[in-house]
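Structure first, then comments.
Numbering (this note's numbering), first residue to last: 1 to 133.
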């Protein structure tokens, strides 16, 4: 016993149907062409946080440049401070030895350390600029 029901609509004694409500938004007012919001994170940053192969490559490049900077600073210290025993082996008055050790070494160590910090910060700034693009 299947009954066939006629489609509902305004008929005798029934009130006409209300039109379907439509929500008007900025997107529908422009016909769907809406400027997309900028992504929260740059693609490189998401690659790093998701630990993909590309993200690993980015981080590895930063680590390589920091290691290169550290090894350069270490090499400069080894050459400059490591050569002191050879310099001090030369016959010289004791006062000259103390002046070289007390006054000559500290500015050299400070200059190398200052160079290292500035270079490491520049490496990080360059990396951040690469990631944020």
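All residues carry an ideal CB built from backbone N, CA and C; glycine is no exception.
Being a predicted model, the structure only gives us computed values, none of them experimental.
Taking Cβ to Cβ, would you say residue i is nearer than 7 Å to residue j?
{"i": "residue 123", "j": "residue 65", "result": "yes"}
{"i": "residue 73", "j": "residue 112", "result": "yes"}
Let me check understanding here. Comparing Cα to Cα, which of the options lies closest to residue i?
{"i": "residue 130", "options": "49, 58, 52", "result": "58"}
{"i": "residue 115", "options": "127, 94, 71, 128", "result": "71"}
{"i": "residue 106", "options": "84, 93, 50", "result": "84"}
{"i": "residue 117", "options": "48, 67, 18, 50", "result": "67"}
Can you round the beta-carbon distance between residue i and residue j to whole angstroms, since I take them to be within the 8 Å contact cut?
{"i": "residue 108", "j": "residue 81", "result": "7 Å"}
{"i": "residue 87", "j": "residue 100", "result": "7 Å"}
{"i": "residue 120", "j": "residue 69", "result": "6 Å"}
Ordered along the chain, which non-local residues of its own chain (more than five positions away) have a Cβ less than 7 Å from that of residue i?
{"i": "residue 21", "result": "none"}
{"i": "residue 76", "result": "112"}
{"i": "residue 46", "result": "none"}
Suppose the cutoff is 6 Å on Cβ atoms and the five residues either side in sequence are ignored; what does the same chain contact list for residue i look like?
{"i": "residue 126", "result": "none"}
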